[in-house]
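Novice: My questions all concern the structure below.
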Amino acid sequence: VAACIKALRPEILVIGVQAADSDAMARSLETDSRVTLDEVGLFADGTAVKQVGALTFALCRQHVDAMLRVDTDAICAAIRDIYQDTRSVPEPSGALALAGLKHYVAAHGAGDGALVAIVSGANMNFDRLRFVAERAEVGEQREAVFAVTIPEERGSFRRFCAALGRHAITEFNYRIGDARHAHLFVGVQIASRDEREALAAAFRAQRFDVLDLTDDELAKLHLRHMIGGRSPLAHDELLYRFEFPERPGALTRFLGQLHPDWNVSLFHYRNHGADHGRILVGIQVPVAEQPLFRRFLATLGYPWVDESAHPAYRLLLRS
Numbered sequence: 002v003a004a005c006i007k008a009l010r011p012e013i014l015v016i017g018v019q020a021a022d023s024d025a026m027a028r029s030l031e032t033d034s035r036v037t038l039d040e041v042g043l044f045a046d047g048t049a050v051k052q053v054g055a056l057t058f059a060l061c062r063q064h065v066d067a068m069l070r071v072d073t074d075a076i077c078a079a080i081r082d083i084y085q086d087t088r089s090v091p092e093p094s095g096a097l098a099l100a101g102l103k104h105y106v107a108a109h110g111a112g113d114g115a116l117v118a119i120v121s122g123a124n125m126n127f128d129r130l131r132f133v134a135e136r137a138e139v140g141e142q143r144e145a146v147f148a149v150t151i152p153e154e155r156g157s158f159r160r161f162c163a164a165l166g167r168h169a170i171t172e173f174n175y176r177i178g179d180a181r182h183a184h185l186f187v188g189v190q191i192a193s194r195d196e197r198e199a200l201a202a203a204f205r206a207q208r209f210d211v212l213d214l215t216d217d218e219l220a221k222l223h224l225r226h227m228i229g230g231r232s233p234l235a236h237d238e239l240l241y242r243f244e245f246p247e248r249p250g251a252l253t254r255f256l257g258q259l260h261p262d263w264n265v266s267l268f269h270y271r272n273h274g275a276d277h278g279r280i281l282v283g284i285q286v287p288v289a290e291q292p293l294f295r296r297f298l299a300t301l302g303y304p305w306v307d308e309s310a311h312p313a314y315r316l317l318l319r320s
């Protein structure tokens, strides 16, 4: 493609794009010799090679003006962009060019000329779609992920919700483990990186410790799924599943309706784009107050299921 373009219109800028963890061509052009990678990332497997071919390298050295590297989240966001525009699903390697184009525009602006991304490759593994959907929000700067530490005391949860403002919660994970502090893993819908930074500042204004995990691979791949386990502090715990209409602010309103005298000891929620949100909540309710709790459930207005006797809960989570 580059050879054809340069033969017909040599003034056109040709930019190659590679995944950051399989960038053999970019490294080879930078060193002017074919580089062999020690490890090759396989997410964009259609372009993942340890060493580029001699002929391919010679053509790119002659005709490619620059190379860009993009990460996995940017590729996932590009896959979603293509789907939303065309209702077609490219494989990760097929979406590389669009991810690179977006990266280029963010750094240099669109300018006055035409920008073209060549989309090639639709060999998408169906099982990979779940991962793509999960990571596209972060790649598009539409989701921020934080670890927030709040005091384990009455009113802290409401102050946390107030700091969120009108932002929609996309994920919320918590398990009681410290008598003084609650450590929350929370995903929030945002519109830009500036909004992500403003949200972190709002948490700090409430004197909450905050750790931005939006770009953290360990947190996004593993830790978000590992929050939980047995807790010696989870006495008088009841476990309930709730379902509520998935609309902006619905989860925050649910949190605001919980009785302030009942401590939330476990919480799990993830927005999957469904019409209804499903959450799992552990609530510490003394035995004497359980009739009051049942009356609260009757007035809540959301469908619920008591899972306190579930064998998996008793085996894995109940103290």
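For the sequence shown, the working numbering begins at 2 and goes up steadily by one.
For every residue, glycine included, the Cβ atom is placed at its ideal position computed from N, Cα and C.
Just so you know, these numbers come straight off a predicted model, no measurement behind them.
If Leu56 sits next to His104, beta carbons under 8 Å apart, how far is it from one beta carbon to the other, in whole angstroms?
Specialist: Rounded, the Cβ-Cβ distance is 27 Å, inconsistent with contact.
Novice: Which of the three DSSP states is assigned to Arg176 in this structure?
Specialist: DSSP places Arg176 in strand when its eight states are reduced to three.
Novice: Output needed for Glu92: all residues of its chain with C-beta closer than 7 Å, excluding positions within five of it in sequence on either side, in chain order.
Specialist: The answer, listed in chain order, is Gly47, Gly122, Ala123, Asn124 and Met125.
Novice: By alpha-carbon positions, which one of Arg155, Ser94 and Val36 ends up nearest to Thr73?
Specialist: Nearest C-alpha to Thr73: Ser94.
Novice: From which residue to which residue does the beta strand (DSSP E) around Arg242 run?
Specialist: Looking at the DSSP string, the run of the beta strand (DSSP E) that includes Arg242 is Glu238 to Pro246.
Novice: Would you kindly work out how many angstroms separate the C-alpha atoms of Leu214 and Ser34, rounded to a whole number?
Specialist: Cα-Cα distance, rounded: 37 Å.
Novice: Three or more beta-carbon pairs under 8 Å between the region 23-38 and the region 77-90, yes or no?
Specialist: Judged by Cβ distances under 8 Å, the region 23-38 makes no contact with the region 77-90, as fewer than three pairs qualify.
Novice: Assuming Cys162 contacts Leu256 (C-beta within less than 8 Å), just tell me the rounded distance between them.
Specialist: Indeed, because the Cβ distance is near 6 Å, the residues count as touching under 8 Å.
Novice: Which ranges does the alpha helix (DSSP H) cover as unbroken runs of at least 4 residues, wholly within the region 58-110, from first to last along the chain?
Specialist: As far as the region 58-110 is concerned, its whole alpha helix (DSSP H) runs of at least 4 residues are 73-87 and 97-109.
Novice: Going by DSSP in three states, His168 sits in which element: helix, strand or coil?
Specialist: Of the three classes helix, strand and coil, the one that applies to His168 here is coil, per DSSP.
Novice: If you follow the beta strand (DSSP E) that Asp210 is part of, which residue opens it and which one closes it?
Specialist: Where Asp210 is concerned, the enclosing beta strand (DSSP E) stretches over Asp210 to Asp213.
Novice: May I have the straight-line CA-CA distance separating Pro292 from Ser309, to the nearest angstrom?
Specialist: So the two alpha carbons sit approximately 15 Å from each other.
Novice: Can you tell me which of the three DSSP states Thr150 falls into?
Specialist: Thr150 falls in the strand class under three-state DSSP.
Novice: Per DSSP, what kind of secondary structure is Ala145 in: helix, strand or coil?
Specialist: Three-state result, Ala145: strand.
Novice: By the 10 Å Cβ neighbour count, where 16 or more other Cβ atoms means buried, how is Gly166 classified, buried or exposed?
Specialist: So Gly166 counts as exposed.
Novice: Going by alpha carbons, who is nearest to His223 out of Pro233, Phe186, Arg205 and Gln207?
Specialist: The option with the nearest alpha carbon to His223 is Phe186.
Novice: Compute the distance between the beta-carbons of Val15 and Leu97, then report whether it is under 7 Å.
Specialist: No, the pair does not count as a contact, with Cβ atoms beyond the cut-off.
Novice: How should Phe127 be labelled, buried or exposed, when 16 other C-beta atoms within 10 angstroms of its C-beta is the threshold for buried?
Specialist: Its Cβ having fewer than 16 others within 10 Å, Phe127 is exposed.
Novice: Please name the residue, chosen from Gly178, Ile191 and Thr253, that lies closest to Ser266 on a Cα-to-Cα basis.
Specialist: Nearest of Gly178, Ile191 and Thr253 to Ser266, Cα basis: Gly178.
Novice: I need the DSSP call for Arg160, collapsed to helix, strand or coil.
Specialist: It is helical.
Novice: Exposed or buried, Ala78, counting other C-beta atoms within 10 Å across all chains shown (16 or more means buried)?
Specialist: Counting Cβ neighbours within 10 Å, Ala78 comes out buried, since at least 16 surround it.
Novice: Go ahead and label Thr171 buried or exposed: buried means 16 or more other beta carbons lie within 10 angstroms of its beta carbon, across all protein chains shown.
Specialist: Burial call: buried.
Novice: Using beta-carbon positions only, say whether Trp263 and Ile284 come within less than 7 Å of one another.
Specialist: Yes. Within cutoff.
Novice: Thinking C-beta only, is Val211 closer than 7 Å to Phe147?
Specialist: A contact, by the Cβ cut-off of 7 Å.
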